[in-house]
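Here the structure is laid out as structure tokens; the discussion comes afterwards.
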Amino acid sequence: MAKLCTIIGGGITGMTAALILAKKGFEVNLVEKAPVLGSTLRGFTRQNIYFDTGLHITGGMSKNGLLKAFLEYLSISGLSLHQYDSSAYLNILCLETQKQIPLPSDIGILEESLLQSFPNEVNAIKTFINDMLLVCNSSVFLNFRNVLSQDSNITRFFSLSLADYLKNLTQDKTLIAVLSAHCLLHGVSPLDVSFSHHAYIMGSYLDGAYNFIGGGKSFVKAFEKELVNSGVKIICNDGASSVLLDKNSKLKAVVLESGREIITDSLLFTAHPSLLPTLFPSGTFKQSFVSRMENLEDTLSAHILFGVVKAQGDENIGLLSKSSTIVLPENAVENFFIDATRQTKLPLYIARSQAHENNVDGISIITSGAISQYSSWKNSLLRKRQADYYIAKQKMLENIRTQAIEACPFLSGLEIIDGATPLTLRDYMHTPNGSLYGVAHSLRQFSPAPVTRLPGVWIAGQSVVAPGVLGAMISAFLVCGYMMKTDNLLQEVTTCV
Numbered sequence: 000m001a002k003l004c005t006i007i008g009g010g011i012t013g014m015t016a017a018l019i020l021a022k023k024g025f026e027v028n029l030v031e032k033a034p035v036l037g038s039t040l041r042g043f044t045r046q047n048i049y050f051d052t053g054l055h056i057t058g059g060m061s062k063n064g065l066l067k068a069f070l071e072y073l074s075i076s077g078l079s080l081h082q083y084d085s086s087a088y089l090n091i092l093c094l095e096t097q098k099q100i101p102l103p104s105d106i107g108i109l110e111e112s113l114l115q116s117f118p119n120e121v122n123a124i125k126t127f128i129n130d131m132l133l134v135c136n137s138s139v140f141l142n143f144r145n146v147l148s149q150d151s152n153i154t155r156f157f158s159l160s161l162a163d164y165l166k167n168l169t170q171d172k173t174l175i176a177v178l179s180a181h182c183l184l185h186g187v188s189p190l191d192v193s194f195s196h197h198a199y200i201m202g203s204y205l206d207g208a209y210n211f212i213g214g215g216k217s218f219v220k221a222f223e224k225e226l227v228n229s230g231v232k233i234i235c236n237d238g239a240s241s242v243l244l245d246k247n248s249k250l251k252a253v254v255l256e257s258g259r260e261i262i263t264d265s266l267l268f269t270a271h272p273s274l275l276p277t278l279f280p281s282g283t284f285k286q287s288f289v290s291r292m293e294n295l296e297d298t299l300s301a302h303i304l305f306g307v308v309k310a311q312g313d314e315n316i317g318l319l320s321k322s323s324t325i326v327l328p329e330n331a332v333e334n335f336f337i338d339a340t341r342q343t344k345l346p347l348y349i350a351r352s353q354a355h356e357n358n359v360d361g362i363s364i365i366t367s368g369a370i371s372q373y374s375s376w377k378n379s380l381l382r383k384r385q386a387d388y389y390i391a392k393q394k395m396l397e398n399i400r401t402q403a404i405e406a407c408p409f410l411s412g413l414e415i416i417d418g419a420t421p422l423t424l425r426d427y428m429h430t431p432n433g434s435l436y437g438v439a440h441s442l443r444q445f446s447p448a449p450v451t452r453l454p455g456v457w458i459a460g461q462s463v464v465a466p467g468v469l470g471a472m473i474s475a476f477l478v479c480g481y482m483m484k485t486d487n488l489l490q491e492v493t494t495c496v
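Be aware that the sequence shown starts at 0, since it is given in numbering that gives the first Met the number 0, and climbs by one per residue.
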């Protein structure tokens with residue numbers, strides 16, 4: 000008889016784990032509170048214009064890339080790649096010094112490119128790149144052909160903050176800002192993130208930076224197709240409300256909001272870890288575990304402007320299809336992680352969707368935000384908020400638009416189509432604080448472990464390993480290996496490279 004597994008959360012982690020387990024003979028129920036799977040990645044369409052929401056850029060899709068291997072292992076097919084400019088997949092615009100620095104996704108030209116902008120920082124740039132590669136190549140997840148090195152030069156990076164590392168590397172504030180800019184892509188301050196974790200994120204783009212034609216929507220649809228082919232039972236619009244234990248306190252069933260009970264042998268929880276204890280009878284977990292889950296520090300939340308420039312004459316608009324842009328209003332990146340209510344000049348991440356529908360792709364402009372900015376409406380529901388909330392939201396979107404145009408004049412024709420606040424993200428992503436990347440992988444706390452004290456109950460998601468598509472999928476492979484008591488999953492993936 001097949002083992003029964005219920006997966007709570009139909010994001011990329013849940014979908015990946017469902018396919019792995021189904022491939023290994025499990026009978027899988029995939030439970031999602033939202034009406035559809037992959038709602039964070041799926042994007043949306045307004046006025047016939049598609050906007051990506053959770054998938055703007057990813058690495059790992061080169062010939063020997065990790066994401067490519069994962070997708071092949073999972074039999075995900077039918078995806079067409081969009082590759083960003085290998086000489087400048089990301090442009091860092093430093094307003095304080097009026098410098099624009101291109102970051103290549105080709106490791107062979109990264110050093111040369113940075114030296115063109117910082118000719119007096121040869122040693123700092125060489126050292127940073129070498130250390131970043133040392134960390135990435137030592138990871139069994141980013142480079143699973145290598146065994147994790149125990150070299151002290153690597154292990155020290157696990158407890159060394161990015162800020163301290165860079166402070167000892169160079170005195171050039173603009174270079175420090177450029178090398179810290181990816182903090183906006185993992186949501187943790189340079190003061191709190193380890194150099195190793197930052198290196199994993201930044202280094203993941205050094206074998207090429209990509210999206211998929213059709214954006215996140217096409218990515219999710221490819222997963223949905225294979226989930227159906229694999230016999231996974233998909234349950235949407237019916238979230239988990241509680242978990243039943245038998246008289247021996249062993250896992251028995253998951254109860255859905257509709258009242259339906261799903262008998263299960265194991266439970267994989269991929270939603271925000273703080274929500275896990277709320278599903279179980281009081282006393283199931285030690286109070287220390289419950290308190291730790293409740294007090295986990297999250298990554299940044301965000302405001303997002305979804306817009307379009309319908310007059311496509313400026314070549315810079317076209318260049319957004321080849322390169323995303325990060326605007327840094329000041330060099331001290333750590334200041335963007337201080338109370339968002341005090342920020343007047345906003346950091347901006349500007350990206351263009353890759354749907355290629357109607358020859359007009361939506362532009363997303365993402366900046367930092369905090370749920371505390373919307374405390375007056377914290378008890379409101381999606382699409383049912385008070386009128387003054389929408390006034391505040393529109394004011395914020397106009398502010399983002401103004402600052403984006405000041406930094407990038409080619410956006411002068413930008414029209415606001417829609418927008419999101421931390422409350423929007425909270426309600427769509429079902430996270431307590433609307434965090435973009437779940438729990439912060441910070442030196443100030445331990446990330447949740449995939450194993451719990453209750454046999455058969457597991458945790459996965461970007462809160463466990465790392466943020467983003469790659470981090471979420473790595474987490475799924477990691478936890479499925481634990482569930483099946485095997486170390487062979489990653490070895491099986493290597494056959495797909």
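Glycine is no exception: its CB is placed at the ideal position from the N, C-alpha and C atoms.
Measuring CA to CA, which of TYR373, ILE56, ILE91 is closest to PHE218? When each option's Cα is compared against that of PHE218, the closest is ILE56.
How far does the beta strand (DSSP E) with LEU102 in it extend, from its first residue to its last? That run of the beta strand (DSSP E) goes 98-102.
Classify LEU327 as helix, strand or coil using the three-state DSSP reduction. Three-state result, LEU327: strand.
List the whole-angstrom C-beta distance separating ASP163 from GLU120, where the pair is believed to meet the contact cut-off of C-beta under 8 Å. Wrong, their Cβ atoms sit about 18 Å apart, outside the cutoff.
Residues in the same chain with beta-carbon distance under 6 Å from ILE175, minus the five sequence neighbours each way, listed in chain order, please. Around ILE175: LEU165.
According to the Cβ coordinates, are TYR199 and CYS135 closer than 8 Å? It is a contact, given that the beta carbons lie within the stated cut-off.
Rounded separation between VAL242 and ALA339 - CA only: Rounded to whole angstroms, VAL242 to ALA339 spans 37 Å at the Cα level.
Checking the sheet assignment: what are the DSSP bridge partners for TRP457? Partner(s): LEU267, VAL450.
Where TYR388 falls: helix, strand or coil (DSSP): Helix at TYR388.
Let me know the alpha helix (DSSP H) ranges lying completely inside the region 140-203, each 4 residues or longer, listed in chain order. Taking only runs of at least 4 residues, the alpha helix (DSSP H) segments lying wholly in the region 140-203 are 151-154, 161-168, 172-179, 182-185, 194-202.
Determine the direct distance from the alpha carbon of MET395 to that of GLY215, and round the result to whole angstroms. Their backbone Cα atoms lie some 26 Å apart in a straight line.
When ILE108, SER137, LEU132, GLU260 are compared against VAL30, the one with the closest alpha-carbon: Selected option, being the one with the closest Cα: GLU260.
How many angstroms separate the CA atom of TYR373 from the CA atom of MET201? In this model, TYR373 and MET201 are separated by some 32 Å (Cα to Cα).
Mind checking CYS495: buried by the 16 CB within 10 Å criterion, or exposed? Counting every other CB atom within 10 Å of its CB across the protein chains shown gives CYS495 a total below 16, marking it as exposed.
PHE69 - DSSP class collapsed to helix/strand/coil: Here PHE69 sits in helix by DSSP.
Beta-ladder partner(s) of GLY306, from DSSP: Assignment of beta-bridge partners to GLY306 by DSSP yields ILE362, ILE415.
Can you grab the Cα-Cα spacing for the pair VAL146 / LEU133, in whole Å? Because VAL146 sits at a pLDDT of 47, beneath the cut-off of 50, its placement in the model cannot be relied upon, and the following sentence gives the value as read from the coordinates. Distance between the alpha carbons of VAL146 and LEU133: 12 Å.
Does the distance from the CB of LEU80 to the CB of MET60 come in under 8 Å? MET60 sits close to LEU80, with the two beta carbons spaced by under 8 Å.
Any idea what DSSP makes of ILE399, helix, strand or coil? DSSP places ILE399 in helix when its eight states are reduced to three.
Where the alpha helix (DSSP H) through LYS224 begins and ends: Counting along the chain, LYS224 sits inside the alpha helix (DSSP H) bounded by residues 214-228.
Hey, how far is the Cα of PRO346 from the Cα of SER323? Taken atom to atom, the span from the alpha-carbon of PRO346 to that of SER323 is near 14 Å.
Following the continuous alpha helix (DSSP H) through LEU477, name the residue where it begins and the one where it ends. 467-482 is the span of the alpha helix (DSSP H), which, as asked, contains LEU477.
Can you pull the DSSP bridge partners for VAL242? Under DSSP, VAL242 takes part in a beta bridge, and its partners are VAL253.
Could you have a look at ASP22 and say whether DSSP puts it in helix, strand or coil? One detail in the question is off: residue 22 reads as Lys in this sequence, not Asp. It is helical.
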